[in-house]
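*Asks:* Before anything else, here's the structure in question.
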Amino acid sequence: MIWLSDTIAFPPYEFTTEEGIIALGGDLSEQRLIHAYKNGIFPWYSQGDPIIWYCPFERMVLFPDDLKVSKSMKKIIKKKKYIITENKAFAQVIYNCKSIDRKDDFGTWITNDMEQAYINLHKKGIAKSVEVWKDAELVGGLYGLEINGIFCGESMFSKVSNASKLAFIHLVKNKKYQLIDCQVYTDHLASLGAKEIDRTAFLEILKTY
Numbered sequence: 168m169i170w171l172s173d174t175i176a177f178p179p180y181e182f183t184t185e186e187g188i189i190a191l192g193g194d195l196s197e198q199r200l201i202h203a204y205k206n207g208i209f210p211w212y213s214q215g216d217p218i219i220w221y222c223p224f225e226r227m228v229l230f231p232d233d234l235k236v237s238k239s240m241k242k243i244i245k246k247k248k249y250i251i252t253e254n255k256a257f258a259q260v261i262y263n264c265k266s267i268d269r270k271d272d273f274g275t276w277i278t279n280d281m282e283q284a285y286i287n288l289h290k291k292g293i294a295k296s297v298e299v300w301k302d303a304e305l306v307g308g309l310y311g312l313e314i315n316g317i318f319c320g321e322s323m324f325s326k327v328s329n330a331s332k333l334a335f336i337h338l339v340k341n342k343k344y345q346l347i348d349c350q351v352y353t354d355h356l357a358s359l360g361a362k363e364i365d366r367t368a369f370l371e372i373l374k375t376y
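Residue numbering for the sequence shown follows my numbering, beginning at 168 and increasing consecutively.
In structure tokens, the structure reads:
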């Protein structure tokens, strides 16, 4: 396993383990994070552990034309019971993503340092959020990084049914992203049209933008 030094460079992709780990250590500086995402690499680790950098062999992505909106979701959107905003409550969104209980996900991987690092990226206009409101209460949302026409999704949350789906559909339909990087497979993302592609194909897409 390769530990990162003070330089932001990552080892060659051939060093990736079967679990998709490409390196350990380093920091969450703005420069390193941007360099990582531009090269298909993202941090994913637990509080108290060293930073673990991933570049999995299969990448979960959504091509905007593949977005699936169910009939029930279309009805919810048509009723306009929710207000959807962008970049109005980034810190609240990431806090909720960090804190909310997850029944079918991976639990929280958003450490305190990671939370602050993405807030800093938001202040620089790189990290973005979508918020879903009901009666002035934040009930859902998502956040990620905008890198060269691609949205690198990090996490989403719902306090009411379908709130995160509303945020995701809004993101895909109202922004002109060439691709949504969803990182790893979940049934939730698959139901919205995301699919796994080979890492090599994903990296080739990154090179075109």
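We put the beta carbon where it would ideally sit given N, CA and C, even for glycine.
#1: Tell me whether Ala190 is buried or exposed, calling it buried when 16 or more other Cβ atoms sit within 10 Å of its Cβ.
#2: If you compare alpha carbons, which of Ile286, Asp194, Trp300, Lys290 is closest to Ile244?
#3: Kindly provide the ranges of any alpha helix (DSSP H) runs that are 4 or more residues long and lie completely inside the stretch 330-358, ordered along the chain.
#4: Among all the DSSP beta bridges, which residues are the ones paired with Arg366?
#5: The beta strand (DSSP E) spanning Val377 covers which residue range?
#6: Can you give the beta carbon distance from Ala361 to Leu229, rounded, assuming they're within the 8 Å contact cut?
#7: For Glu298, count neighbouring C-beta atoms within 10 Å of its own C-beta (all shown protein chains included) and say buried if the count is 16 or more, exposed if not.
#8: Looking only at its chain, what residues have a beta carbon closer than 6 Å to the beta carbon of Leu171, apart from the 5 residues adjacent to it on each side?
#9: If we ignore side chains and look at the alpha-carbon of each, how far apart do Cys319 and Tyr204 end up?
#10: Taking Ala256 as the reference, which of Leu309, Val236, Phe182 has the closest Cα?
#11: Grab the span of the beta strand (DSSP E) containing Tyr310 for me, first residue to last.
#12: How many whole angstroms separate the CB atoms of Asn218 and Pro231, which I take to be in contact at a CB cut-off of 8 Å?
*Replies:* Considering the structure as presented:
#1: Within the sequence shown, numbered from 1, the residue matching residue 190 stands at position 23. Burial call: buried.
#2: The count along the sequence shown starts at 1 and reaches residue 244 at position 77. When each option's Cα is compared against that of Ile244, the closest is Trp300.
#3: 330-341, 354-358
#4: Looking up residue 366 in the sequence shown gives position 199. Arg366 pairs with nothing; no bridge assigned.
#5: For the chain, the structure presents residues 168 to 376; residue 377 sits outside this window and is missing.
#6: Taking the sequence shown and counting its residues from 1, one reaches residue 361 at position 194. Taking the sequence shown and counting its residues from 1, one reaches residue 229 at position 62. About 4 Å separates the two Cβ atoms, so the contact holds.
#7: Locating residue 298 in the sequence shown gives position 131, where the first residue counts as 1. Classification for Glu298: buried.
#8: The count along the sequence shown starts at 1 and reaches residue 171 at position 4. Within the same chain, Leu171 has close Cβ partners Ala190, Gly192, Gly193.
#9: Taking the sequence shown and counting its residues from 1, the one referred to as residue 319 is at position 152. Taking the sequence shown and counting its residues from 1, the one referred to as residue 204 is at position 37. Going by the C-alpha atoms only, they are around 8 Å apart.
#10: Counted from its first residue, the sequence shown places residue 256 at position 89. Residue Leu309 is the option with its Cα nearest to Ala256.
#11: Taking the first residue of the sequence shown as position 1, residue 310 is located at position 143. Run containing Tyr310: 304-314, per the beta strand (DSSP E) assignment.
#12: Reading the sequence shown from its first residue, position 51 is the one you call residue 218. Reading the sequence shown from its first residue, position 64 is the one you call residue 231. In the sequence as displayed, the identity of residue 218 is Ile instead of Asn. With a Cβ gap of about 31 Å, Ile218 and Pro231 do not count as contacting.
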